[in-house]
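Let me begin by presenting the structure, written as structure tokens, before commenting on it.
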Amino acid sequence: MIRRLAHALATLLVGSTLAFAQGTPEVDRAMAFRQAARDHRAAGWLDGYLAALLGSNHSATQPEVSRLLRDVAAADDRTAVERLLSKGAALPGASLAVEVAAAEAGWQPGKAISAEGATRLIRALPRTGIDTGRPHRVEAAEPPEAYRSWIHHEQFVNEKVSDRRYFADLGQNDVPRELDPVNGARYRLGHIEIPLEEVGLASAPNRAEITDQVIVTRGGRKFVRFFVHPLAEPYYKELIDRYGIEYRYMAAPSSSPRSLLIWDPTHARAPPLVVKTSLPVEVGELRRVIPEDKVRRGVGNSAMIAEAVARGELPRHIYMAETLGILPPGKSGAGMIVRELPADFARGEWLPGFALTSKDPQRPGDSRLVRMIKTSRADPRRFVSERVLRPYLEGYASLALGQGLIGEPHQQNVLFEVGSDGMPTGRVMFRDLDSYKVDVESRARRGLTLRPMDDALRPTKIFKTAKGEDYYETSYGTYVKRDVGYLLWQGLRRDFPAITEAWVHSEMDRIMAGQVERHLGLKPDLASGAELDLAGLVKEWRRRQVVEAERAAAAATPEARGLPDQRTLRSEFKRLDFNYRVQWVDRALTRRTIRPNEKFVLHDGAIEWRIGGRAAAFAFLEPSWADKDFYRGVPHPRKAPDAERLAAFYAPFDRELARAIRDANHGVTDGIVETLRRRVVDPMRRAPPAARPGPKGPTDPARPEDPARRPRPRARGRG
8 MIRRLAHALA TLLVGSTLAF AQGTPEVDRA MAFRQAARDH RAAGWLDGYL
58 AALLGSNHSA TQPEVSRLLR DVAAADDRTA VERLLSKGAA LPGASLAVEV
108 AAAEAGWQPG KAISAEGATR LIRALPRTGI DTGRPHRVEA AEPPEAYRSW
158 IHHEQFVNEK VSDRRYFADL GQNDVPRELD PVNGARYRLG HIEIPLEEVG
208 LASAPNRAEI TDQVIVTRGG RKFVRFFVHP LAEPYYKELI DRYGIEYRYM
258 AAPSSSPRSL LIWDPTHARA PPLVVKTSLP VEVGELRRVI PEDKVRRGVG
308 NSAMIAEAVA RGELPRHIYM AETLGILPPG KSGAGMIVRE LPADFARGEW
358 LPGFALTSKD PQRPGDSRLV RMIKTSRADP RRFVSERVLR PYLEGYASLA
408 LGQGLIGEPH QQNVLFEVGS DGMPTGRVMF RDLDSYKVDV ESRARRGLTL
458 RPMDDALRPT KIFKTAKGED YYETSYGTYV KRDVGYLLWQ GLRRDFPAIT
508 EAWVHSEMDR IMAGQVERHL GLKPDLASGA ELDLAGLVKE WRRRQVVEAE
558 RAAAAATPEA RGLPDQRTLR SEFKRLDFNY RVQWVDRALT RRTIRPNEKF
608 VLHDGAIEWR IGGRAAAFAF LEPSWADKDF YRGVPHPRKA PDAERLAAFY
658 APFDRELARA IRDANHGVTD GIVETLRRRV VDPMRRAPPA ARPGPKGPTD
708 PARPEDPARR PRPRARGRG
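Residues in the sequence shown are numbered from 8 upward in steps of one, following the working numbering.
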């Protein structure tokens with residue numbers, strides 16, 4: 008009865024201030040709320056209800072409105088309610104708060120109020136946070152149960168240690184206390200629904216149940232939900248004013264205040280997802296907005312790993328996929344990335360690297376890794392080597408050496424699975440794919456696709472491909488040895504003195520030497536005591552691959568294998584260079600007057616200019632769906648590709664991909680190939696031009712006579 012009455016009352020319009028004092032519908036709504044508070048006899052119901060309605064810290068964010076509702080609930084009679092409403096008539100949002108309170112009178116502990124009610128209140132009540140003098144609204148709601156252990160470890164089991172010789176102080180953080188992960192932040196996350204045709208969209212193979220929460224249909228038209236961190240609402244004010252903002256989702260930050268686990272509390276069956284939002288404040292000495300290059304690089308790298316998984320070259324659990332990248336109109340320098348948690352993530356226990364050696368405030372005593380070693384009764388060095396370092400480095404090598412994807416797998420970006428026995432299972436997962444650089448030459452030498460880079464107008468800028476050629480030393484030397492290695496020996500040395508910095512580094516080199524032999528066929532010499540030179544070994548492997556390729560080419564001409572002739576490839580390379588789609592590997596080769604054994608080689612997504620058995624440059628093809636609209640809107644329009652010629656470039660590799668997937672799946676190709684095509688190629692082909700990927704193009708209209716005359720682009724900063 009109370010629910011029906013509250014629902015009927017909630018449909019009435021909010022009256023004027025005068026009506027407050029004259030016993031109009033506002034008083035009736037207040038009486039319905041008062042009656043509901045009396046009907047719910049459970050202890051603490053009113054406190055929990057106000058927390059759901061106004062936020063768990065309502066006494067600090069909305070003290071006047073909170074006090075008014077509490078007084079109404081305790082009022083003796085209708086006259087007392089009228090008197091309270093009359094006094095509160097001047098409070099901004101008070102009338103609306105009473106209306107929503109009556110409409111949500113059926114609230115039960117553990118539930119959230121409706122998205123509509125939360126949106127109306129948050130938009131109408133006095134602003135909190137963002138320099139208002141009041142803290143941001145926070146919630147008491149917990150994530151779905153299967154994800155609570157993970158979030159707990161992300162937020163609380165987090166005593167990051169950092170070698171100051173290589174890393175800045177991690178303590179600097181301009182995020183307010185109530186939104187900081189270390190304080191267990193929970194809050195409503197606003198999203199703006201923007202027409203699909205107005206955003207920049209990058210996509211990789213994805214799970215429909217995740218994507219369907221981000222790309223929605225209204226009245227036959229598609230919209231993208233662009234999620235906005237509370238601290239970023241002033242930054243996106245123009246978009247909010249134009250499209251509005253809704254507060255449907257709850258959010259809990261991971262160890263990073265901008266990477267959020269989000270879930271819809273009103274739809275229990277909708278799987279949670281992780282959203283990396285732009286955060287226009289400083290964290291760790293960097294302003295954490297997500298520029299276009301990181302948005303597209305993360306999604307492109309995810310697509311390349313998805314293909315490797317489809318080929319059977321990588322396990323499905325090895326990465327946290329970044330399947331959607333959104334660039335809102337007018338804010339291409341501050342986008343959003345959607346990450347998918349693997350389907351089996353909720354069925355196991357995954358710990359971020361730092362949680363292995365950090366103390367759990369809910370479980371006093373040893374760290375998790377110390378307890379594991381003591382429980383196993385194994386030799387500490389052997390346990391760390393075989394149960395932690397080996398699976399971590401094997402996964403790292405599979406991506407870096409096997410796939411040419413070199414990342415920043417530090418203690419925050421790697422997760423370890425723990426089994427039901429409390430021990431590591433040997434499965435690891437890597438995240439933050441937007442930090443991974445692509446070794447274009449290594450992928451080309453392995454015959455791996457470069458197509459995800461083809462989608463961008465400036466792939467050399469978007470993917471920072473020049474960095475990928477020489478990023479191994481930074482990746483392995485700094486993020487692996489001097490971050491994860493530092494974490495381990497610092498966290499274990501007191502309990503196990505045999506685990507020293509020198510031992511951890513030498514053991515890492517020993518394990519990685521085996522991975523070099525496995526992936527590159529080279530046997531490093533560690534007898535001299537020098538550190539493993541991973542970058543030098545990769546360069547030597549590339550050199551040998553070219554020598555072998557030259558020998559094979561002597562026996563079969565490109566024309567005999569059905570590939571375009573040299574004249575066609577040269578012409579395309581020059582056109583692509585004019586379109587700013589070239590990564591220069593060795594410009595000195597192109598400046599020589601005599602260029603011995605010069606040739607152009609077609610790879611899956613790129614054309615290589617090879618001189619004297621060495622790579623001089625790679626030119627990235629346009630995507631297979633490119634047409635005259637691909638370069639539309641670019642200053643000084645580029646030269647569009649010929650559709651028939653472009654199809655011929657991709658055709659040989661389409662057949663090889665299908666064959667590889669068939670061989671890896673015992674003759675079954677239907678499903679995997681179709682999924683890759685349906686979820687990547689077809690949606691982008693159907694997308695309107697404004698939604699297709701690609702930043703604003705170059706501004707230099709001059710066309711060089713020779714590719715060698717173009718100055719090499721400079722990479723900007725760290726990814």
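Note that the Cβ used here is the ideal one computed from N, Cα and C, for glycine as well.
This structure is a prediction, so every number in the text was calculated from the model and none was measured.
Identified DSSP bridge partners for residue i
i, result
"Q220", "Answer is none; Q220 lacks a bridge partner."
"K283", "S266 and I344"
"I618", "R621"
"D367", "R370"
"H610", "A613"
"G197", "V235"
"A734", "This structure cannot speak to residue 734, because the chain is shown only from 8 to 726."
"P431", "V425"
"E356", "V425"
"E605", "Partner(s): none; E605 has no beta bridge."
"I333", "L208 and M343"
"A259", "L268"
"V40", "Contrary to the premise, residue 40 reads as Phe rather than Val in this sequence. Paired residues: none, contrary to the question."
Pair within 8 Å by beta-carbon distance, residue i and residue j
i, j, result
"A732", "A147", "Missing from the structure shown is residue 732; the chain here goes from 8 to 726 and no further."
"P188", "P279", "no"
"V296", "D181", "no"
"V487", "M515", "yes"
"A451", "E615", "yes"
"F627", "P416", "no"
"A520", "L495", "no"
"V282", "G342", "no"
"G429", "M460", "no"
"T68", "R193", "no"
"A622", "F637", "no"
Reduced DSSP secondary structure (H/G/I, E/B, other) of residue i
i, result
"F585", "helix"
"N213", "coil"
"L228", "Note on identity: in this sequence residue 228 is Arg, with Leu being the wrong assignment. Strand, per DSSP."
"E424", "strand"
"I380", "helix"
"N64", "coil"
"L412", "strand"
"N190", "helix"
"W510", "helix"
"V445", "strand"
"L400", "helix"
"T676", "At T676, the pLDDT of 42 sits below 50, so the modelled position is not reliable; the number obtained from the coordinates is stated separately. Coil at T676, not helix or strand."
"G701", "In this predicted model, G701 has a pLDDT of only 40, less than 50, meaning its place in the structure is not dependable enough to derive any value."
"N308", "helix"
"E152", "helix"
"L98", "coil"
"E476", "coil"
"E253", "strand"
"P32", "helix"
"Y242", "coil"
Nearest residue (CA-CA) to residue i, options the options
i, options, result
"V734", "I252, T218, R453 and K468", "Because the chain spans 8 through 726 in this model, residue 734 falls outside it and cannot be assessed."
"Q418", "R77, I120, A50 and S169", "S169"
"L286", "G124, R465 and Y243", "Y243"
"K474", "W591, T485, L527 and L576", "W591"
"D572", "G492, F607 and R582", "F607"
"A313", "T135, P212, E547 and A43", "P212"
"D35", "G51, A87 and H65", "A87"
"L542", "I614, L408 and G536", "In the sequence under discussion, the amino acid at residue 542 is Ala, which differs from the Leu named in the question. That would be L408, whose Cα lies nearest to the Cα of A542."
"G117", "V105, G55, S156 and R141", "G55"
"Q115", "K94, A633, P133 and T273", "T273"
"S365", "R599, A125, V164 and R74", "V164"
"F233", "S262, P202, R214 and L75", "P202"
"A362", "R397, R318, F230 and L422", "L422"
"I252", "N586, R639 and V235", "V235"
heavy atom of the ligand FAD below 7 Å from residue i C-beta
i, result
"K468", "With respect to small molecules bound, the structure shown includes none, and the ligand FAD cannot be examined in it."
Any 3 or more C-beta pairs closer than 8 Å across the stretch 503 to 516 and the stretch 379 to 399: yes
Given 8 Å, three or more beta-carbon pairs between the stretch 401 to 418 and the stretch 315 to 328: yes
Cβ contact (3+ pairs, closer than 8 Å) linking the stretch 204 to 212 and the stretch 328 to 340: yes
Three-pair Cβ contact test at 8 Å for the stretch 440 to 454 versus the stretch 546 to 556: yes
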